[in-house]
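Right, one structure below, let's go through it.
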Amino acid sequence: MENNTIKYYNENAKEFCEGTLQADMSQYQAMFLNYVKPGGHILDAGCGSGRDSKVFSDLGYQVTAFDASEEICKFASEYLGRMVECRRFEDVTETDCYDGIWASASLLHVPKKDLPEVLGRFRRALKADGILYASFKYGDGECMRGERRFSNFTEEQARTLFNEAGFAVIEFALTGDVREGREAEKWCNLVGKRTK
7 MENNTIKYYN
17 ENAKEFCEGT
27 LQADMSQYQA
37 MFLNYVKPGG
47 HILDAGCGSG
57 RDSKVFSDLG
67 YQVTAFDASE
77 EICKFASEYL
87 GRMVECRRFE
97 DVTETDCYDG
107 IWASASLLHV
117 PKKDLPEVLG
127 RFRRALKADG
137 ILYASFKYGD
147 GECMRGERRF
157 SNFTEEQART
167 LFNEAGFAVI
177 EFALTGDVRE
187 GREAEKWCNL
197 VGKRTK
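Going by my numbering, the first residue of the sequence shown is number 7, and it counts up by one from there.
Structure (structure tokens):
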């Protein structure tokens, strides 16, 4: 993730986190958890406010959460009542560690050229048959929205990205934004299983 994007989140952490905390992600959480064994270990990669980590923890999953923004980590740590690590996707070096990786609206800030390497790290960090959820804004190419970079994907492009990184896509959903007033924004949601 680029420094300008991280700078944006550091400067707008409270407003951003409070604006996403109440977003209803239950449909996508269920899509993901349907394939993750009960009580399994989940990595919340780019956890933002900690909203999803809390849901997973409350359901009995073991959760490790991180974000690249120091200020967002402070908010999430306070919200969750435990430490949230400040690190980047390229710092994921674990091997055969997680039953699932949840990357909700986080990988979309990684330049497209760097995504195969990041997904390779995720694949190694997952156990055999581990599950990855990721979401991207629907579209084509890369763009800047204010200070933040976004990598947009069509369904075909997102499926190809997953397949080439060693994930079999087991669910895909093209949906509207769950935040009030932003329903017209479209998202690609994918659940992939690590292939052997």
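Heads up, the beta-carbon is just placed ideally off N, CA and C, and yes, glycines get one too.
- Task: Look at VAL31 and ALA179 and say whether their C-beta atoms are less than 8 Å apart.
- Result: The residue labelled residue 31 in the question sits at position 25 within the sequence shown. The residue labelled residue 179 in the question sits at position 173 within the sequence shown. At residue 31 the sequence reads Met, which differs from the Val that was named. Against a cut-off of 8 Å, the Cβ pair of ALA179 and MET31 comes out as no contact.
- Could you tell me how far apart the beta carbons of TRP193 and PHE142 are, in whole angstroms, since I believe they sit closer than 8 Å? The count along the sequence shown starts at 1 and reaches residue 193 at position 187. The count along the sequence shown starts at 1 and reaches residue 142 at position 136. Sure, about 7 Å apart at Cβ, within 8 Å.
- Which residue comes first and which comes last in the beta strand (DSSP E) that contains ALA179? For the purposes of this step, residue 179 is taken as residue 173 along the sequence shown, with counting starting at 1. Taken as a continuous stretch (DSSP letters only), the beta strand (DSSP E) holding ALA179 covers 173-182.
- Supposed contact pair ILE176 and TYR14 - C-beta distance, whole angstroms, cut 8 Å: Here residue 14 refers to the residue found at position 8 when the sequence shown is read from its first residue. Here residue 176 refers to the residue found at position 170 when the sequence shown is read from its first residue. Rounded, the Cβ-Cβ distance is 33 Å, inconsistent with contact.
- Task: Assess, as a yes-or-no matter, whether the stretch 65-81 is touched by the stretch 120-135 under the definition of 3 or more beta carbon pairs within less than 8 Å.
- Result: no
- Query: Ordered along the chain, which non-local residues of its own chain (more than five positions away) have a Cβ less than 8 Å from that of ARG165?
  - Reply: Here residue 165 refers to the residue found at position 159 when the sequence shown is read from its first residue. These residues qualify, in order along the chain: VAL175, PHE178 and LEU196.
- Query: Based on the DSSP secondary-structure assignment, which residues constitute the bridge partners of PHE156?
  - Reply: Here residue 156 is taken as the residue at index 150 of the sequence shown, counted from 1. Partner(s): CYS149.
- With distances taken from CA atoms, which of GLY87, CYS53, TYR144 and GLU170 is nearest GLU161? If you number the sequence shown from 1, residue 161 lands on position 155. Nearest C-alpha to GLU161: TYR144.
- Starting from CYS53 and walking both ways along the alpha helix (DSSP H), at which residues does that stretch end? Taking the first residue of the sequence shown as position 1, residue 53 is located at position 47. It is not in any alpha helix (DSSP H) - CYS53 carries neither H nor E in the DSSP assignment.
- How many angstroms separate the CA atom of PRO122 from the CA atom of GLU21? Taking the sequence shown and counting its residues from 1, one reaches residue 122 at position 116. Taking the sequence shown and counting its residues from 1, one reaches residue 21 at position 15. So the two alpha carbons sit approximately 31 Å from each other.
- Message: Just to confirm before moving on: does the CB-CB distance between PHE204 and VAL124 stay below 8 Å?
- Response: Because residue 204 is not part of the residues shown, which for the chain are 7 to 202, the question remains open.
- Message: Contact defined as beta carbons within less than 8 Å: I believe ASP97 pairs with VAL69. What is the distance between those atoms, to the nearest angstrom?
- Response: For the purposes of this step, residue 97 is taken as the residue at position 91 of the sequence shown. For the purposes of this step, residue 69 is taken as the residue at position 63 of the sequence shown. Not a contact, Cβ separation roughly 17 Å.
- Message: Judging by CA-CA distance, which residue of ARG151, THR99 and ARG200 is the nearest neighbour of GLY136?
- Response: Working through the sequence shown from its first residue, we reach residue 136 at position 130. Closest option to GLY136, Cα to Cα, is ARG200.
- Could you check how far apart the C-beta atoms of SER55 and LEU27 are, in whole angstroms? I think they sit under 8 Å. Taking the first residue of the sequence shown as 1, we reach residue 55 at position 49. Taking the first residue of the sequence shown as 1, we reach residue 27 at position 21. Their Cβ separation, rounded to whole angstroms, is 5 Å, which keeps SER55 and LEU27 in contact under 8 Å.
- Answer with buried or exposed for ASP102, where buried requires no fewer than 16 other C-beta atoms within 10 angstroms of its C-beta. For the purposes of this step, residue 102 is identified with residue 96 of the sequence shown, where counting begins at 1. It is exposed - the Cβ of ASP102 has fewer than 16 other Cβ atoms within 10 Å.
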